[in-house]
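Undergrad:
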Amino acid sequence: MNETSLRQLLDRLAAGDLSVDAAVESLRTLPFEDLGFAQLDHHRALRWGFPEVIFCAGKTPEQVAGIVERLAARGPRVLGTRASIEQFDAARAVVPDLQYHALARCLWLDREPATAPRPGVVIAAAGTSDLPVVEEAALTLTLMGHAPHRIVDVGV
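Per this note's numbering, numbering through the sequence shown is continuous, rising by one, with the last residue being 756.
Following this line, the structure appears as structure tokens:
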């Protein structure tokens, strides 16, 4: 849940379009949701301006799918790093509009309306073997609203 969705929930409650019980149910897992194998922080976007990022390495495809499903149900953005194609396929089965960047090894969802990017950030990398990390950083910056400027193969 981000500030916009919290305000929308409260507006619906104030307007009588949402019952108190339904509002309580929506707020029940704030700020954390226990999936048994992960504790999801649904208030991270409220505190830091960006939701919790999933570090997919070491998780099963089913675990990643479960995390993605819950985060996507509660907020407009999801980012998973170090994701395999198997993890993406499992997650996309439950969130069909999920995207995948093979070189960056990231899965992501962005349902927020596009806004003008904030000031750019330079990503400098020593060589072409660093391209996966460069693209992971670029995608992360883009989802955070910054324009990435890549400088690759600067040498060591």
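No residue lacks a Cβ here, since even glycine has one placed at the ideal position from N, Cα and C.
Return the bridge partner residues of Glu735 from the DSSP annotation.
TA: As a working note, residue 735 is residue 135 in the sequence shown. Per DSSP, none; premise fails for Glu735.
Undergrad: Since Gln639 sits in a beta bridge, which residues does DSSP pair it with?
TA: Taking the first residue of the sequence shown as position 1, residue 639 is located at position 39. Looking at the DSSP assignment, Gln639 forms a beta bridge with Asp634.
Undergrad: Between Val664 and the rest of its own chain, which residues show a CB-CB distance below 6 angstroms, the 5 nearest in sequence each way excluded?
TA: Locating residue 664 in the sequence shown gives position 64, counting from the first residue. Contacts found: Cys656, Gln687, Ala691.
Undergrad: What does DSSP give as the partner residue(s) for Ala724 in the beta ladder?
TA: Position 124 of the sequence shown holds residue 724. Answer is Ile751.
Undergrad: With a threshold of 16 other CB atoms inside 10 Å of the CB of His642, please say whether the residue is buried or exposed.
TA: Taking the sequence shown and counting its residues from 1, the one referred to as residue 642 is at position 42. It counts as buried.
Undergrad: What do you reckon, are the CB atoms on Leu759 and Ile667 nearer than 8 angstroms?
TA: Given that the chain is displayed from residue 601 to residue 756, the structure contains no residue 759 and the question cannot be resolved.
Undergrad: Quick one: grab the DSSP three-state call for Thr681.
TA: Numbered from 1 along the sequence shown, position 81 holds the residue referred to as residue 681. Correct three-state label for Thr681: strand.
Undergrad: Give the DSSP-derived three-state secondary structure of Arg711 in the structure shown.
TA: Locating residue 711 in the sequence shown gives position 111, where the first residue counts as 1. Arg711: coil per DSSP, three-state reduction.
Undergrad: DSSP three-state label for Pro696, please.
TA: Sequence index remark: in the sequence shown, residue 696 carries index 96 (1-based). Reduced to three states, the DSSP call for Pro696 is coil.
Undergrad: Could you check the C-alpha separation between Arg682 and Arg647 for me, to the nearest Å?
TA: Here the question's residue 682 lines up with position 82 in the sequence shown. Here the question's residue 647 lines up with position 47 in the sequence shown. Going by the C-alpha atoms only, they are around 24 angstroms apart.
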